[in-house]
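Participant: The sequence shown begins at 780 in the working numbering and counts up one residue at a time. Yeah, the Cβ is synthetic: ideal placement off N, Cα and C, and Gly gets one too. Predicted model only: the values in this text are computed from it and were never measured.
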Amino acid sequence: MINRRTLLSLLGLASLALYGPSASAAEPLTLTVGDQFFSNRIVLELSGELKDLPYKIDFKRFNTGSPVASAVASGALDVGIVGDTPVISLAANGAPVKVVASTQTSLDGVGIVARKGIQSVADLKGKTVAIWNGSWSQQLAYKALDEAGVPRSSVHFKYLLPAEASLALTQGDIDAFGTWEPYVSLQEKEGSTLIRNAKGLMSAPTYIVAYEPALAQKSAIIKDFIARLTRARVWSNTHVDEYAEAWSKANQSAPEIAKVWFKRDAIKVLPISPTIISEAQATADFLVDAQMLKQRYDVAPLFDRVL
């Protein structure tokens, strides 16, 4: 039996074929996508995946992840591409969002960077470390400190967004911060040290997350978008220099930093799997431990495997 979601999806797929010149009266659907630094828009354009698109994509630029998750939860975006932690936090509090795919990056580009003279996580005792509440940076810092046997209470935490933390480290206002690319490569270029990467601490996935009503209405084009992005990311891993040049131009950044970042990251798009759900549960459990969630949250319903 075909359920309502499947039927809507099939009808949507059929309608994609009608969005050609012969159906000029039919207005193409628009998918509104939240994209940090336009990284995904750029790779889709360069790879040719936006050619002959039978619907419109309205990319909205963001500089960090939490606002992307909030915009999806409010319905301001149909789809967002954002780290797992803010999505899980919002979903646990009843936000109408669904994770429809995941992307994975190298954990070598996720970690704690520190100023010169600090060589290990153990050296952070009594130091000032920047984190952002409920983000990868907090999870990284807490887990790394626990692993090193450094009491969390012995560290002074300063709450800064990634760009603010990067500037603060450069200016000497903090001693370290938990972060990800491009901030890791940027800080390494400026002489900071990556004292602990995320391997063994956290999985650090990025989710492709959809607003539930949009998923019900636009499942066919969301599925098509994921397929295009999957192919584009395969392309980007063999065209690093071209991607880095375009990204750097769009973001007024040095291409050398982007090249190091993209070579290290090697992003790939993954379908929802039991492993991804299990890793999400570990993140949700951490949020309870960090008192960011009041009670245990079962993440399984957050994931939509229909696509």
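So what does DSSP say about Thr-1017, is it helix, strand or coil?
Facilitator: Residue 1017 sits at position 238 when you count from the first residue of the sequence shown. Reduced to three states, the DSSP call for Thr-1017 is coil.
Participant: Would you mind working out which of Ser-826, Gln-1031 and Gln-883 sits nearest Ile-987, comparing C-alpha positions?
Facilitator: Walking along the sequence shown from the start, residue 987 turns up at place 208. Minimum Cα distance to Ile-987 is reached at Gln-883.
Participant: Cβ atoms of Ala-1063 and Ile-867: under 7 angstroms apart, would you say?
Facilitator: Start at 1 with the first residue of the sequence shown, and residue 867 comes out as number 88. Start at 1 with the first residue of the sequence shown, and residue 1063 comes out as number 284. Result yes, Cβ atoms of Ile-867 and Ala-1063 sit closer than 7 angstroms.
Participant: For Gly-890, name the three-state secondary structure that DSSP assigns.
Facilitator: The sequence position of residue 890 within the sequence shown is 111, counting from 1. Note: Gly-890 maps to strand in three-state DSSP.
Participant: By DSSP, does Asn-819 sit in helix, in strand, or in coil?
Facilitator: Along the sequence shown, one-based indexing puts residue 819 at 40. Correct three-state label for Asn-819: helix.
Participant: How big is the Cα-Cα spacing for Ala-796 and Asp-837?
Facilitator: For the purposes of this step, residue 796 is identified with residue 17 of the sequence shown, where counting begins at 1. For the purposes of this step, residue 837 is identified with residue 58 of the sequence shown, where counting begins at 1. Unreliable placement is indicated for Ala-796, whose pLDDT of 41 sits below 50; the coordinate value is still reported in the next sentence. In a straight line, the C-alpha of Ala-796 is about 20 angstroms away from that of Asp-837.
Participant: If we count the other Cβ atoms within 10 Å of its Cβ and call it buried at 16 or more, is Gly-862 buried or exposed?
Facilitator: Sequence index remark: in the sequence shown, residue 862 carries index 83 (1-based). Buried, by the Cβ-count rule.
Participant: If you count every other CB in all the chains shown that lies within 10 Å of the CB of Lys-877, and 16 or more means buried, which is it?
Facilitator: Here residue 877 corresponds to residue number 98 of the sequence shown, with the count starting at 1. Lys-877 should be labelled buried.
Participant: Would a C-beta distance cut-off of 7 angstroms place Ile-1036 and Leu-965 closer than the cut-off?
Facilitator: To locate residue 1036, count along the sequence shown from 1; it is residue 257. To locate residue 965, count along the sequence shown from 1; it is residue 186. In contact: Ile-1036 and Leu-965 (Cβ atoms closer than 7 angstroms).
Participant: Starting from the Cα of Val-1048, find the closest Cα among Ile-1056, Trp-1014, Leu-1008 and Leu-946 and give me that residue.
Facilitator: Numbered from 1 along the sequence shown, position 269 holds the residue referred to as residue 1048. For Val-1048, the nearest C-alpha among the options comes from Leu-1008.
Participant: With a cut-off of 8 angstroms on the beta carbons, I'd call Val-1100 and Ala-901 a contact; round off their distance for me.
Facilitator: In the structure displayed, the chain extends from 780 to 1086; residue 1100 sits before or after that span and is not available.
Participant: Buried or exposed: where does Tyr-1022 fall if 16 or more other Cβ atoms within 10 Å of its Cβ makes it buried?
Facilitator: Mapped onto the sequence shown, residue 1022 falls at position 243. Answer is buried; the Cβ neighbour count reaches 16.
Participant: Comparing alpha-carbon positions, which option in Ala-983, Val-908 and Ala-920 lies nearest Ser-1057?
Facilitator: As a first step, residue 1057 is located in the sequence shown; it is residue number 278 there, counting from the start. The residue with the shortest Cα to Cα distance from Ser-1057 is Ala-983.
Participant: Using a threshold of 7 angstroms, state whether the C-beta atoms of Ser-916 and Thr-958 are closer than that.
Facilitator: One-based indexing of the sequence shown puts residue 916 at position 137. One-based indexing of the sequence shown puts residue 958 at position 179. Yes, Cβ-Cβ distance for Ser-916 and Thr-958 is below 7 angstroms.
Participant: When you measure from the CB of Ala-893 to every non-hydrogen atom of the ligand SAM, does any distance come out below 6 angstroms?
Facilitator: Of the ligands one can find in the structure shown there are none, so the ligand SAM has no counterpart to examine.
Participant: Can you list, in chain order, the residues of its chain whose CB lies under 6 angstroms from that of Gln-815, leaving out five sequence neighbours each side?
Facilitator: Counting from one through the sequence shown, the residue named residue 815 turns up at place 36. Contacts found: Phe-841.
Participant: So is Ala-893 buried or exposed if we call it buried at 16+ other beta carbons inside 10 Å?
Facilitator: Taking the sequence shown and counting its residues from 1, the one referred to as residue 893 is at position 114. Flag for Ala-893 reads buried.
Participant: Output the boundary residues of the beta strand (DSSP E) element that contains Gly-957.
Facilitator: The residue labelled residue 957 in the question sits at position 178 within the sequence shown. Unbroken beta strand (DSSP E) run through Gly-957: 955 to 959.
Participant: Using the rule of at least 16 other Cβ atoms within 10 Å of the residue's Cβ for burial, across every protein chain shown, is Ala-1066 buried or exposed?
Facilitator: In the sequence shown, counting from the first residue as 1, residue 1066 sits at position 287. Ala is not the amino acid found at residue 1066; the sequence shown has Leu there. Label assigned to Leu-1066: buried.
Participant: Suppose you measure from the CA of Tyr-1076 to the CA of Ala-871; what does that come to, to the nearest Å?
Facilitator: By one-based count along the sequence shown, residue 1076 stands at place 297. By one-based count along the sequence shown, residue 871 stands at place 92. Whole-angstrom Cα-Cα distance: 6 angstroms.
Participant: What are the uninterrupted segments assigned as beta strand (DSSP E) that are 3 or more residues long and contained completely in the region 960 to 1048, given in chain order?
Facilitator: Entirely contained in the region 960 to 1048, the beta strand (DSSP E) runs reaching 3 residues are, in chain order, 972 to 976 and 985 to 990.
Participant: Since Phe-1082 and Ile-1051 are thought to touch, with beta carbons under 8 angstroms apart, how far apart are those beta carbons, to the nearest angstrom?
Facilitator: Residue mapping note: residue 1082 aligns to position 303 of the sequence shown, counting from 1. Residue mapping note: residue 1051 aligns to position 272 of the sequence shown, counting from 1. Right, their Cβ atoms sit about 5 angstroms apart.
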